[in-house]
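Asks: Before I ask anything, here is the structure I am working with.
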Amino acid sequence: MKAGLKGIITASVQKAVQAGSVQIPDSGKLPDIIIDRSKKDEFGDFSTNIAMLLAPLTKQPPRRIAEAVAAAASSDDAVEKCEVAGPGFINIFLKKTYWPAALADILKKGADYGKGTSGRGRKVQVEFVSANPTGPLHIGHGRGAAVGDSLANVLAAAGYEVTREFYINDRGRQIDTLGRTAFLRYHELLGRKIDLPEDSYKGDYVKDVARDFILKNGDRYVDSALDDVQKIFSDFAKKELLDRIKKDLMDFRIEFDVWYSEISLYERSLVEKAIEELRQRGFVYEEEGALWLKTTALGDDKDRVLRKAGGDMTYFASDVAYHIEKIHRGFTTVVDVWGADHHGYEGRIRAVFRAMGLDDKMLRIIFIQLVALLRDGAPVPMGKREGEFVTLRQVMDEVGADACRFFFLMRKSDAQLDFDLELAKKQAPENPVYYVQYCHARIKSIFGFAKEKGVAFLEDFDEGILKRLVEKEELDIIKHMAMFEETVEKSALHMEPHRITFYLTELAGLFHPYYSKTRVITDDAEATLARLALCKSVGTVTANGLKLLGINAPDKM
RNA sequence: GCGCCUGUAGCUCAGUGGAUAGAGCAUCGGCCUCCGAAGCCGAGGGUCGGAGGUUCGAAUCCUCUCAGGCGCACCA
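And the structure:
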């Protein structure tokens with residue numbers, strides 16, 4: 173419905189321009205029209221500041237522009253009146269007949285309500301989690317997973333064609349270290365005395381891996397030299413740990429379209445090809461035995477090594493090849509979801525896009541800030557090096573996937589997040605998770621009650637009865653629901669899925685008080701049906717929003 | 001030292017240059033004989049870290065500054 177409002181304002185601006193009362197300079201480009209719910213009822217239903225945005229362009233006073241636009245908009249069928257207020261706000265009062273139509277539109281669209289077309293089918297890749305298969309997913313990965321997955325949902329809803337991708341760092345020094353650690357744990361389990369080097373993976377999960385290795389292979393490698401069998405242990409361990417990561421993500425209800433192996437880049441010679449491509453563009457040189465990418469010419473702080481003097485390729489070289497591959501695959505936008513501790517890496521990856529002659533705006537990097545895990549307000553210690561960090565699995569098992577995802581999506585991702593385990597579990601008002609879900613369950617139960625009372629709510633009811641919804645609370649709910657499509661679009665545009673969380677909390681915050689105050693099922697048959705229609709649509713919008721967050725909309729709690 | 005992120009109510013945070021800065025929690029006081037009390041109603045709470053600047057207008061943009069977090073590898 174919001175698109176309709178935007179259309180009214182756009183047309184009105186154009187009318188004012190044609191009439192000569194607003195003069196747009198030759199460039200002729202209108203600023204984006206932004207319409208918001210009015211802050212106060214006396215400011216109408218919706219407001220726009222378009223006149224104030226046009227003022228500097230047209231060099232005309234904002235109030236005069238506003239008056240011209242408001243006059244044009246007043247003649248629109250849906251508009252009751254338009255007022256100019258303050259420095260140049262246009263306050264739009266819509267006709268009462270607009271709201272039944274808006275509500276009917278939501279009911280008609282159902283599960284599709286909220287879907288938009290602003291993405292125009294453009295291809296977007298969202299790469300997220302991409303945790304090394306050297307250990308379990310920790311809580312920070314979980315936040316990245318929730319944000320990445322929800323962002324992908326939101327982009328898809330806004331009309332983009334989305335690919336979800338997990339990049340697997342399945343080669344390099346950390347994998348070698350993993351293999352060596354597994355090798356040592358293997359010996360330990362077979363009764364040998366071992367000495368675990370400082371840079372080993374110290375978590376018990378490597379013992380689990382070694383135990384499984386024994387089940388499959390027995391003690392046949394116990395007398396082998398590490399160098400001879402390291403690859404066997406590395407391969408075994410990384411596969412097992414990746415399987416666990418996949419299992420964790422599946423239980424967190426996250427599915428990837430593509431699992432992209434770093435090794436596969438080498439198998440297809442894509443790393444060499446990428447370097448060759450960059451060499452031809454003049455950004456590759458050799459110095460002190462190493463091969464360098466001249467990223468300083470592309471906005472980075474210092475040049476970066478692609479191939480070490482010892483001959484090994486760096487992790488960066490793979491990543492260069494991977495991102496060039498993303499470009500060749502035809503994505504118009506590439507989204508990388510990274511832990512905030514990787515922000516030092518941003519410059520060199522942007523440089524790759526610039527080196528390829530592309531606008532690096534096509535790369536969007538979402539940084540996921542730290543999660544501070546609390547229990548009853550007291551911090552839960554973390555620290556991967558010691559091998560005693562809190563895993564996603566532990567938290568998910570303790571508080572449930574729904575609460576977990578909701579907490580991760582309660583804040584914008586570049587703000588630190590306090591996650592209180594006890595709070596997330598509490599079935600009490602101070603837990604924000606259930607407020608929204610309860611809204612959905614409550615509505616389902618209203619329909620259960622209606623059925624008991626023999627009140628039938630049919631899909632093809634007479635829309636005329638919706639004009640019985642005249643209470644302020646009822647209209648406020650409809651107005652908020654009318655903003656859902658806009659919210660999804662803004663969420664996609666800014667790549668901020670947490671906006672959906674806030675939107676749903678607000679919707680529930682309108683519904684619960686309404687429910688307490690107003691009886692839905694009464695002797696008045698028409699009013700009952702109209703209110704059931706309202707309830708139905710709130711349930712629909714809540715379910716649609718929760719789906720974008722990857723959270724269940726329960727019928728019962 | 002350089003770079004990035006964050007400073008908004010007691011706490012945790014919303015707030016694409018616009019109107020008198022908003023929620024939730026916590027605190028205090030009320031509400032279950034009636035569609036789910038995981039809910040509702042009411043009250044108090046603010047130098048938007050600080051200082052300049054840009055402008056009709058700044059929590060929002062720019063500069064400086066203070067505080068916290070993170071990063072500055074031929075590691076990944």
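Last residue of the first sequence: 729 in this note's numbering, with the numbers rising by one and none dropped.
Built from N, CA and C at the ideal position, the CB exists for glycine as well.
Which partner residues does Trp-464 have in the DSSP bridge list?
Replies: Looking up residue 464 in the first sequence gives position 292. Trp-464 pairs with Tyr-457 and Val-477.
Asks: Check this for me: beta carbons of Gly-216 and Glu-657, under 7 Å apart or not?
Replies: Counting from one through the first sequence, the residue named residue 216 turns up at place 44. Counting from one through the first sequence, the residue named residue 657 turns up at place 485. Against a cut-off of 7 Å, the Cβ pair of Glu-657 and Gly-216 comes out as no contact.
Asks: Assign Tyr-675 to buried or exposed, taking buried as 16 or more other Cβ atoms, counted over all protein chains shown, within 10 Å of its Cβ.
Replies: In the first sequence, the residue the question calls residue 675 occupies position 503. Buried, since its Cβ has 16 or more Cβ neighbours within 10 Å.
Asks: Is it true that the CB of Asp-727 sits closer than 7 Å to the CB of Lys-623?
Replies: Residue numbering aside, residue 623 sits at position 451 when the first sequence is read from its first letter. Residue numbering aside, residue 727 sits at position 555 when the first sequence is read from its first letter. No; because the gap between Cβ atoms is not below 7 Å, this pair is not in contact.
Asks: Out of Ile-386, Ile-426, Arg-453 and Leu-350, which has the shortest C-alpha to C-alpha gap to Gln-402?
Replies: Residue 402 sits at position 230 when you count from the first residue of the first sequence. Looking at the Cα atoms, Leu-350 is the closest of the given residues.
Asks: Near Asp-484, which residues of its chain fall below 8 Å by C-beta distance, leaving aside the five closest residues on each side in sequence?
Replies: As a working mapping, residue 484 is identified with position 312 in the first sequence. Once the five neighbours on either side are set aside, Asp-484 has no close Cβ partner at all.
Asks: Could you tell me if Met-422 is buried or exposed, where buried requires 16 or more neighbouring beta carbons within 10 angstroms of its beta carbon?
Replies: Position 250 of the first sequence, counting from 1, holds the residue named residue 422. By the 10 Å Cβ count, Met-422 comes out exposed.
Asks: Can you give me the start and stop residues for the alpha helix (DSSP H) that Asp-348 sits inside?
Replies: Numbered from 1 along the first sequence, position 176 holds the residue referred to as residue 348. From DSSP, the alpha helix (DSSP H) with Asp-348 extends over 345-361.
Asks: For Ser-433, name the three-state secondary structure that DSSP assigns.
Replies: As a working mapping, residue 433 is identified with position 261 in the first sequence. Ser-433 falls in the strand class under three-state DSSP.
Asks: Helix or strand or just coil, what does DSSP make of Gln-297?
Replies: Residue numbering aside, residue 297 sits at position 125 when the first sequence is read from its first letter. In the structure shown, Gln-297 sits in a strand (DSSP, three-state: E or B).
Asks: Below 8 Å, how does it come out for the segment 511-526 and the segment 534-545: are there three or more Cβ pairs, yes or no?
Replies: Yes, the segment 511-526 is in contact with the segment 534-545.
Asks: To the nearest angstrom, how far is the alpha carbon of Phe-428 from that of Arg-451?
Replies: Position 256 of the first sequence, counting from 1, holds the residue named residue 428. Position 279 of the first sequence, counting from 1, holds the residue named residue 451. In a straight line, the C-alpha of Phe-428 is about 33 Å away from that of Arg-451.
Asks: Using the beta-carbon count (16 or more within 10 Å), is Ser-688 buried or exposed?
Replies: Taking the first residue of the first sequence as 1, we reach residue 688 at position 516. Result: exposed.
Asks: Measuring only the C-alpha atoms, how far is Ala-697 from Asp-634?
Replies: The residue labelled residue 697 in the question sits at position 525 within the first sequence. The residue labelled residue 634 in the question sits at position 462 within the first sequence. Distance between the alpha carbons of Ala-697 and Asp-634 is about 12 Å.
Asks: Using the rule of at least 16 other Cβ atoms within 10 Å of the residue's Cβ for burial, across every protein chain shown, is Gly-685 buried or exposed?
Replies: As a first step, residue 685 must be located in the first sequence, where it is residue number 513. Residue identity check: residue 685 is Pro in the sequence provided, not Gly. Label assigned to Pro-685: exposed.
Asks: CA-CA distance, Val-660 and Gly-307?
Replies: Position 488 of the first sequence holds residue 660. Position 135 of the first sequence holds residue 307. In a straight line, the C-alpha of Val-660 is about 35 Å away from that of Gly-307.
Asks: Restricting to Cα atoms, I'd like to know which of Tyr-373, Asp-371, Leu-356 and Leu-665 is closest to Lys-365.
Replies: Numbered from 1 along the first sequence, position 193 holds the residue referred to as residue 365. Checking every option, the nearest Cα to that of Lys-365 belongs to Leu-356.
Asks: Report all residues from its chain with a CB closer than 6 Å to the CB of Arg-336; omit the five preceding and five following residues, and keep chain order.
Replies: Here residue 336 is taken as the residue at index 164 of the first sequence, counted from 1. Around Arg-336: Val-298, Ala-324, Phe-428 and Asp-429.
Asks: Can you give me the Cβ contacts of Ile-435 inside the same chain, cut-off strictly under 6 Å, excluding the 5 residues immediately before and after it?
Replies: Here residue 435 refers to the residue found at position 263 when the first sequence is read from its first residue. Correct list, in chain order: Asp-342 and Arg-343.
Asks: Taking all protein chains shown into account, do 16 or more other C-beta atoms lie within 10 angstroms of the C-beta of Arg-292, making it buried, or fewer, making it exposed?
Replies: Residue 292 sits at position 120 when you count from the first residue of the first sequence. Exposed, because fewer than 16 other Cβ atoms sit within 10 Å of the Cβ of Arg-292.
Asks: For the structure I just gave you, are there three or more beta carbon pairs, one from the segment 676-683 and one from the segment 700-719, closer than 8 Å?
Replies: Verdict: yes, contact present.
Asks: What's the gap between the Cα of Asp-208 and the Cα of Met-655?
Replies: Here residue 208 refers to the residue found at position 36 of the first sequence. Here residue 655 refers to the residue found at position 483 of the first sequence. If I take the Cα positions, the gap works out to 8 Å.
Asks: Relative to the alpha-carbon of Lys-662, which residue among Val-552, Ser-290, Cys-254 and Thr-182 has its alpha-carbon at the smallest distance?
Replies: The sequence position of residue 662 within the first sequence is 490, counting from 1. When each option's Cα is compared against that of Lys-662, the closest is Ser-290.
Asks: Go through its chain and collect everything with a Cβ distance to Arg-235's Cβ below 8 Å, but skip five positions before and after it.
Replies: The sequence position of residue 235 within the first sequence is 63, counting from 1. Contacts found: Ala-223, Val-256, Pro-259 and Gly-260.
Asks: Looking at the strands, I want to know which residues DSSP matches up with Asp-590.
Replies: The sequence position of residue 590 within the first sequence is 418, counting from 1. Per DSSP, Ala-544.
Asks: Do Val-319 and Leu-362 have their CB atoms nearer than 7 Å?
Replies: The count along the first sequence starts at 1 and reaches residue 319 at position 147. The count along the first sequence starts at 1 and reaches residue 362 at position 190. Not a contact, by the Cβ cut-off of 7 Å.
Asks: Grab me the residues of Leu-327's own chain with a C-beta within less than 6 Å of its C-beta, minus the 5 sequence neighbours each way, in chain order.
Replies: Within the first sequence, residue 327 is the residue found at index 155, counting from 1. Excluding residues within five positions, the ones whose Cβ falls inside 6 Å are Val-296, Val-334 and Ala-664.
Asks: With a CB to CB cut of under 7 Å and the five nearest residues on each side skipped, what residues in its chain are close to Lys-651?
Replies: Your numbering for residue 651 matches position 479 in the first sequence. Cβ neighbours of Lys-651 beyond the five flanking positions: Arg-209 and Asp-217.
Asks: Between which two residues does the alpha helix (DSSP H) harbouring Ile-618 extend?
Replies: As a first step, residue 618 must be located in the first sequence, where it is residue number 446. Counting along the chain, the alpha helix (DSSP H) containing Ile-618 begins and ends at 605-624.
Asks: Tyr-373 to Asp-348, Cα distance in whole Å?
Replies: Within the first sequence, residue 373 is the residue found at index 201, counting from 1. Within the first sequence, residue 348 is the residue found at index 176, counting from 1. Answer to the nearest angstrom: the Cα atoms are 11 Å apart.
Asks: For Glu-239, is the classification buried or exposed, using 16 other Cβ atoms within 10 angstroms of its Cβ as the cut-off for buried?
Replies: Locating residue 239 in the first sequence gives position 67, where the first residue counts as 1. By the 10 Å Cβ count, Glu-239 comes out buried.
Asks: Specify the secondary structure class of Lys-662 as computed by DSSP and reduced to three states.
Replies: Taking the first sequence and counting its residues from 1, the one referred to as residue 662 is at position 490. If DSSP states are grouped into helix, strand and coil, Lys-662 belongs with the helices.
Asks: Just the Cα atoms here: how many angstroms apart are Arg-501 and Gly-179?
Replies: Mapped onto the first sequence, residue 501 falls at position 329. Mapped onto the first sequence, residue 179 falls at position 7. Arg-501 and Gly-179: Cα-Cα distance of roughly 36 Å.
Asks: Going by DSSP in three states, Ala-397 sits in which element: helix, strand or coil?
Replies: Here residue 397 corresponds to residue number 225 of the first sequence, with the count starting at 1. Looking at Ala-397 - three-state DSSP - the assignment turns out to be coil, as it is neither helix nor strand.
Asks: State the DSSP-derived secondary structure class of Lys-287, mapped to helix, strand or coil.
Replies: Walking along the first sequence from the start, residue 287 turns up at place 115. It is coil, neither helix nor strand.
Asks: Can you list, in chain order, the residues of its chain with a C-beta nearer than 6 Å to that of Phe-525? Leave out the 5 residues immediately preceding and following it.
Replies: Within the first sequence, numbered from 1, the residue matching residue 525 stands at position 353. The answer, listed in chain order, is Asp-532 and Leu-535.
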